[in-house]
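Engineer: Take 24 as the starting number for the sequence shown in the working numbering and just add one per residue. Backbone N, C-alpha and C fix where the C-beta goes; we use that ideal spot for every residue, glycine too.
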Amino acid sequence: MNQDVVLACQRINYSYGELPVLKEVSIELKKGEYVSVLGQSGTGKTTLFNVLAGLDKPTSGVVHRSATVGYMLQKDMLLPWKRLIDNVSLPFVLGGDKRGAARQKALPFFERFGLKGLEYRYPSELSGGQQKRAAFLRTFLYSNGLMLLDEPFTGLDAITRDEMYRFLLQNKKTLGLSILIVTHDIEEAITLSDRLYVLSYDSPATLWPPLLIPREKNEQDRYIVTDQLRDEVRRRIFSPILKSVE
24 MNQDVVLACQ RINYSYGELP VLKEVSIELK KGEYVSVLGQ SGTGKTTLFN VLAGLDKPTS
84 GVVHRSATVG YMLQKDMLLP WKRLIDNVSL PFVLGGDKRG AARQKALPFF ERFGLKGLEY
144 RYPSELSGGQ QKRAAFLRTF LYSNGLMLLD EPFTGLDAIT RDEMYRFLLQ NKKTLGLSIL
204 IVTHDIEEAI TLSDRLYVLS YDSPATLWPP LLIPREKNEQ DRYIVTDQLR DEVRRRIFSP
264 ILKSVE
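(1) If we count the other Cβ atoms within 10 Å of its Cβ and call it buried at 16 or more, is F176 buried or exposed?
(2) Answer yes or no: do P227 and L164 have a C-beta to C-beta separation smaller than 8 Å?
(3) Kindly indicate which three-state DSSP category G77 falls into: helix, strand or coil?
(4) Could you name the residues that DSSP lists as bridge partners for K53?
(5) Mind checking which residues open and close the alpha helix (DSSP H) that includes R189?
(6) With a threshold of 7 Å on Cβ separation, who are the neighbours of T214 within its own chain once the five nearest residues in sequence on each side are excluded?
(7) Do the CB positions of L169 and L30 come within less than 8 Å of each other?
(8) Would you identify the three-state DSSP class for V92, choosing helix, strand or coil?
(9) Can you tell me whether D225 is helix, strand or coil according to DSSP?
(10) With a CB to CB cut of under 6 Å and the five nearest residues on each side skipped, what residues in its chain are close to P43?
(11) DSSP on L141, reduced to helix/strand/coil?
(12) Got a sec? Which residues, its chain only, sit under 7 Å from A158 by beta carbon, not counting five neighbours each side?
(13) Report the CB separation of E174 from V221 in whole angstroms; it is logged as a contact under 8 Å.
(14) When you measure from the CB of F190 to every non-hydrogen atom of the ligand HEM, does any distance come out below 7 Å?
(15) The alpha helix (DSSP H) that contains L198, what's its start and end?
(16) Where does the unbroken beta strand (DSSP E) through D217 begin, and where does it stop?
(17) Taking the C-alpha atoms as reference points, what is the distance between K196 and G40?
(18) Looking at the unbroken beta strand (DSSP E) that takes in L171, where does it start and where does it end?
(19) Under the rule that 16 or more other beta-carbon atoms within 10 Å means buried, what is K80, buried or exposed?
(20) Would you mind working out which of H87, V58, E211 and T66 sits nearest A76, comparing C-alpha positions?
(21) Is S150 helix, strand or coil when you go by DSSP?
(22) Apart from the five residues just before and just after Y57, which ones in its own chain have a Cβ nearer than 6 Å to its Cβ?
(23) So, using beta-carbon positions, are V92 and L171 closer together than 8 Å?
(24) Can you tell me where the alpha helix (DSSP H) holding R135 begins and where it ends?
(25) When you compare only the Cα positions, how much space is there between P237 and R106?
Listed below in structure tokens is the structure:
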């Protein structure tokens, strides 16, 4: 295994009883990368993430993790009866720290994550974007940068969602983030990813070879490449459906 690879699975197969869900799925995430897995609802995206996180065991195949994996679900899962500082510092408490020590470890990160001044508020007092940042910070502190995000921006309005995209892209290097994102949103996948996998609509689902998302281009070339990528992603998503219609 390449030393730069922090998370990978090789030839994963997964079945619910007699129903095959994933077939020969291989994927890798390198240190400092953002990689997306894109697919329609019901194709097995969350199942794949559960296997990668160690919540489910594959029927066959191998999963490699170089460190603890933080898993952020669609819902922020903040505890409504706890202040934000205690929600965010929960990974330290679960690791054996007393509440005071856990708070002190978490406090320095609030400003960097755009949450300074909100430490002692309850989740109900926060905006949707602030709740997402808090959940993201908690996941980061649990994982120290190796993260799985399962459609984390579902339910956010367009402006707040764009703010979260900018936050992730701007803090990629400074926070040492390596993130695998599952989404059904083509624009989200192209915006955030260094590489993009498309999960087929076949049953069982397989992965198309990854698409490389170029970043170092002038504005005009970037728009041309993005349009080409968008068309190719759509082709990969809908190819099995088009074949069945034909």
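Structural biologist: Checking against the coordinates, here is how it stands:
(1) Around the beta carbon of F176, 16 or more other beta carbons sit within 10 angstroms, so the residue counts as buried.
(2) No. Outside cutoff.
(3) Coil at G77, not helix or strand.
(4) Answer is V28.
(5) That run of the alpha helix (DSSP H) goes A181 to Q193.
(6) Only residues of its own chain outside the window of five on either side were considered, and among them Y188 have a CB closer than 7 Å to the CB of T214, listed in chain order.
(7) It is a contact, given that the beta carbons lie within the stated cut-off.
(8) In the structure shown, V92 sits in coil (DSSP, three-state: anything other than H, G, I, E or B).
(9) The answer is coil: DSSP assigns D225 none of H, G, I, E or B.
(10) In its chain, beyond the 5 residues on either side, P227 have a beta carbon closer than 6 Å to the beta carbon of P43.
(11) Looking at L141 - three-state DSSP - the assignment turns out to be coil, as it is neither helix nor strand.
(12) Closer than 7 Å at the Cβ level, and outside the excluded window around A158, lie M95, D99, M100 and L101.
(13) Contact flag wrong, Cβ pair sits at about 15 Å.
(14) In the structure shown, the ligand HEM is absent, as is every other ligand, since no ligand is present at all.
(15) Per DSSP, L198 is not a residue of any alpha helix (DSSP H), being assigned neither H nor E.
(16) No beta strand (DSSP E) contains D217, which DSSP labels as neither H nor E.
(17) Whole-angstrom Cα-Cα distance: 42 Å.
(18) Per DSSP, the unbroken beta strand (DSSP E) holding L171 starts and ends at L169 to D173.
(19) Under this definition K80 is an exposed residue.
(20) Of the candidates H87, V58, E211 and T66, the residue whose Cα lies closest to the Cα of A76 is H87.
(21) DSSP, reduced to helix, strand and coil, places S150 outside both helices and strands of the structure shown, so it counts as coil.
(22) Annotation for Y57: I202, L215, S216 and D217 place their beta carbon closer than 6 Å to its own, counting only its chain and skipping 5 residues before and after.
(23) L171 sits close to V92, with the two beta carbons spaced by under 8 Å.
(24) It spans F132 to R135 - the alpha helix (DSSP H) in which R135 sits, taken as one unbroken run.
(25) Approximately 41 Å, taken between the alpha carbons.
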